[in-house]
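Structure record follows, encoded as structure tokens.
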Amino acid sequence: MSAVPLPAPSEPGSKRNQKRRNLAIVGVLALGGVVLAMSLVSRAIAGDADENPDKRMSGAGDRSAVSLAVGDCFTSSQHKEVYSAVPVSCSRPHDGEVFATVALTGSSGADDVLAKRSYHRCSDRLTDYVMDDWSLPHTMGINYYYPTREVQHSGNRTVTCFAADTDGQTTGSVREQETSLAADQLAFLRLELASARVFKTYPHLGSTAANRVWAAKMAAALDHEADGLNVANWSAGARPKVTAYVGELRKSAELWRKAVAARSDNSYWARSDDAWPHPSYTYQRDVRKALRLASDVPTSFGPPF
Numbered sequence: 018m019s020a021v022p023l024p025a026p027s028e029p030g031s032k033r034n035q036k037r038r039n040l041a042i043v044g045v046l047a048l049g050g051v052v053l054a055m056s057l058v059s060r061a062i063a064g065d066a067d068e069n070p071d072k073r074m075s076g077a078g079d080r081s082a083v084s085l086a087v088g089d090c091f092t093s094s095q096h097k098e099v100y101s102a103v104p105v106s107c108s109r110p111h112d113g114e115v116f117a118t119v120a121l122t123g124s125s126g127a128d129d130v131l132a133k134r135s136y137h138r139c140s141d142r143l144t145d146y147v148m149d150d151w152s153l154p155h156t157m158g159i160n161y162y163y164p165t166r167e168v169q170h171s172g173n174r175t176v177t178c179f180a181a182d183t184d185g186q187t188t189g190s191v192r193e194q195e196t197s198l199a200a201d202q203l204a205f206l207r208l209e210l211a212s213a214r215v216f217k218t219y220p221h222l223g224s225t226a227a228n229r230v231w232a233a234k235m236a237a238a239l240d241h242e243a244d245g246l247n248v249a250n251w252s253a254g255a256r257p258k259v260t261a262y263v264g265e266l267r268k269s270a271e272l273w274r275k276a277v278a279a280r281s282d283n284s285y286w287a288r289s290d291d292a293w294p295h296p297s298y299t300y301q302r303d304v305r306k307a308l309r310l311a312s313d314v315p316t317s318f319g320p321p322f
């Protein structure tokens, strides 16, 4: 269901261990005289958040991060503790590729709040640029430059979202548009993304009541996806896999409805534990293989917050 899978969140105060395969690097960035904060959240790296507040970036003579446009690739360089970003052709080795720019809304907050807000805004936009993010290398991650509170007060509220490979520089663009996909692939991905958008709104720090509201929306989204998959046209090879996946989606939706109907908060959390393992990625992977889509489950589990 989820285009960018997250681990099953637990109830507030739970000590359940949830491993996050990511690395967060938070620092301060100054590009072209504009001070911003830099946070890199990279996929497929096991470990806890690693903060390094001493790294600074400066781009005297280079383009500011906030002026990088969607589709731009760039390299970063270091001189002592000063970093620079230089736009280059995506056909050349580069450190990052901008897939979105978004404006922060609402009041300014602490840097950790800005980082959280930036990650989720960027995560929501990734599939506008790479429709099937399963196709990305496991070492490719969501990264972003975000303005500090001080810079926001000066009017700059732009977050620059980019993809970068934790193994180093990469060559070529990761952009994937609808025209590059077959009709059956496109139909499947559109329905998946609709469910994924609801999934990503999970209220990690919300109350039980907020979780119940989310669970009801999740159940409806899963039913909608199942209905869409059931009536779409599939090849003879793909149809059995899709049918099995539809059954798993409906099972997942029913489990979430049972959680919503729970009489007590404790019962809700117990029933939500039953719902989280579904839909199983085994079914989703089988459909993807039948449709000639990437079938390795992404290893990105989101940011450590």
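For the sequence shown, this note's numbering begins at 18 and goes up steadily by one.
Glycine included, C-beta positions come from ideal geometry on N, C-alpha and C.
Of the residues the options, the one placed nearest residue i, counting alpha carbons only
i: residue 267; options: 140, 246, 191, 192; result: 246
i: residue 175; options: 198, 192, 119; result: 119
i: residue 281; options: 89, 226, 162, 201; result: 226
i: residue 231; options: 244, 216, 241; result: 216
i: residue 133; options: 304, 212, 164, 256; result: 164
i: residue 85; options: 180, 131, 104, 92; result: 104
i: residue 142; options: 156, 87, 106; result: 87
i: residue 206; options: 93, 94, 309, 92; result: 309
i: residue 177; options: 203, 224, 117; result: 117
i: residue 240; options: 296, 258, 314; result: 296
i: residue 182; options: 228, 90, 135; result: 90
i: residue 242; options: 218, 222, 213, 258; result: 213
i: residue 156; options: 149, 180, 137, 139; result: 180
i: residue 311; options: 147, 244, 137; result: 147
i: residue 306; options: 256, 224, 292; result: 256
i: residue 323; options: 161, 135, 191, 284; result: In the structure as shown, the chain starts at 18 and stops at 322, and residue 323 therefore has no counterpart that could be examined.
i: residue 208; options: 224, 244, 313; result: 244
i: residue 259; options: 304, 150, 200; result: 304
i: residue 284; options: 159, 153, 228; result: 228
i: residue 137; options: 218, 152, 197; result: 218
i: residue 161; options: 150, 151, 140; result: 140
i: residue 197; options: 149, 102, 313; result: 149
i: residue 135; options: 159, 151, 107, 222; result: 159
Reduced DSSP category for residue i - H, G, I as helix; E, B as strand; rest coil
i: residue 182; result: strand
i: residue 111; result: strand
i: residue 161; result: strand
i: residue 296; result: coil
i: residue 191; result: coil
i: residue 135; result: helix
i: residue 259; result: helix
i: residue 210; result: helix
i: residue 140; result: helix
i: residue 155; result: coil
i: residue 314; result: coil
i: residue 285; result: helix
i: residue 217; result: coil
i: residue 309; result: coil
i: residue 224; result: coil
i: residue 203; result: helix
i: residue 51; result: Low confidence applies here, because residue 51 scores a pLDDT of 30, under 50, leaving its location unreliable and the question unanswered by this model.
i: residue 239; result: helix
i: residue 5; result: With the chain covering only 18 through 322, there is no way to say anything about residue 5.
i: residue 233; result: helix
i: residue 270; result: helix
i: residue 86; result: coil
i: residue 302; result: helix
i: residue 276; result: helix
The alpha helix (DSSP H) enclosing residue i, as first and last residue numbers
i: residue 195; result: Where residue 195 is concerned, there is no enclosing alpha helix (DSSP H), given that its DSSP letter is neither H nor E.
Identity of the residues DSSP links to residue i by a beta bridge
i: residue 91; result: 104, 113
i: residue 248; result: DSSP lists no partner for residue 248.
i: residue 147; result: 193
i: residue 2; result: For the chain, the structure presents residues 18 to 322; residue 2 sits outside this window and is missing.
Inspect the CB distances between the segment 263-277 and the segment 285-293 and report whether three or more fall short of 8 Å. They touch, by the three-pair rule.
Check whether the segment 187-194 and the segment 107-118 touch, using three or more Cβ-Cβ pairs below 8 Å as the test. Yes: the two stretches touch, three or more of their Cβ pairs being nearer than 8 Å.
Between the segment 230-238 and the segment 252-267, are three or more C-beta pairs nearer than 8 Å? Not touching, per the Cβ criterion.
Mind the definition here: the segment 259-266 touches the segment 294-305 only if three or more C-beta pairs lie below 8 Å; say whether that holds. The segment 259-266 is in contact with the segment 294-305.
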